[in-house]
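Shown next, in structure tokens, is the structure this report addresses.
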Amino acid sequence: MTLKEAMKRLAAMGEARVRPLGVREGVGGDLVGVKLGDIRKLAKDAGSDHALGLELWASRDPKARLLAVLVLKPKALSAAELDAMVRDNRVLQIADWLSSYAVKAHPGKEALRQAWMADDDAMTARAGWSLTAERVGKNGAGLDLTALLDRIEAEMAGADPVPRWTMKMALAMIGIHHREHRARALAIGERLGVYRDFPVSPGCTSPFAPEWIGAMARREGAS
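Structure representation (structure tokens):
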């Protein structure tokens, strides 16, 4: 598939609006312009095509960048290229797809995680906390979970809303997967109250960390 053909098909997808995660918090209402499922279908038609992915990303079009994330080859990117992509983007939906499909599949992600956790840029911090939540959820080996909880307790309430979402994910992962830290994770979540009143659809688990931790702990106890 050529860039011209891909852009033509993106433009023909319609006007359905899709708000990125976090728009209710006032952290940016960029609209990607199409249904995410349509982007996935187009990616399937295009197949894995790193060169096309780079062209799509360079276009700076939000729809094209979503498609780019799905067709490029993460391992063909250098750590510097991936870092630049994370910093250059300001659309949350793109940030989350980039994290899920490229960053987490990159062989240099641990070095990037460490660098991003110390970065003041909102998007890199979001990506760093997302990688940290992933590590905590898998086993957390080598991570100082007490120090992470100290930092979350000190920073989360006043954090930029962009990285605060994935910081909350790290807190929840600590509470869910590490029983020895669960009581403190619950206490931090309750005291800070971040996302306590976040609207959720019926039947869905709240992103409020204590409720999320509690729901998973109950599921664990029932298994």
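Residue numbers (the working numbering): 6 to 228. A virtual CB, placed ideally from N, CA and C, is assigned to each residue, including glycine.
- Sorting R196, E195, W217 and G194 by C-alpha distance to the C-alpha of V205 places W217 at the top.
- Boundaries of the alpha helix (DSSP H) around P67: P67 to V76.
- The stretch 110-124 and the stretch 60-69 do not touch, with fewer than three beta-carbon pairs separated by less than 8 Å.
- By the Cβ criterion, the stretch 111-121 is not in contact with the stretch 172-190, since fewer than three pairs of Cβ atoms, one from each stretch, lie closer than 8 Å.
- Along the length of the stretch 100-176, whole alpha helix (DSSP H) runs at least 4 residues long occupy 114-122, 127-143 and 150-160, reported in chain order.
- In the structure shown, V91 adopts helical secondary structure according to DSSP, grouped into three states.
- In the structure shown, G58 falls within a helical segment according to DSSP collapsed to helix, strand and coil.
- The beta carbons of S53 and V74 sit about 12 Å from each other, so the pair does not count as a contact at 8 Å.
- From the listed residues H55, A132, G219 and A84, the smallest Cα separation to H182 is found for G219.
- At a Cβ-Cβ threshold of 8 Å, A164 and M172 count as neighbours.
- G208 sits in coil when the DSSP states are folded into three classes, being neither helix nor strand.
- With contacts defined by Cβ atoms closer than 8 Å, L61 and R70 form a contacting pair.
- For E195, the enclosing alpha helix (DSSP H) has its first and last residue at R187 to L197.
- By the neighbour-count definition (other C-beta atoms within 10 Å, threshold 16), E225 is an exposed residue.
- Judged by beta-carbon spacing, A56 lies beyond the 8 Å limit of A11, meaning their Cβ atoms are not closer than that value.
- According to the DSSP assignment, R14 belongs to the alpha helix (DSSP H) that extends over L8 to A16.
- In this structure, the CA atom of L103 is about 11 Å from the CA atom of T129.
- Under the three-state reduction of DSSP output, H182 falls in the helix class.
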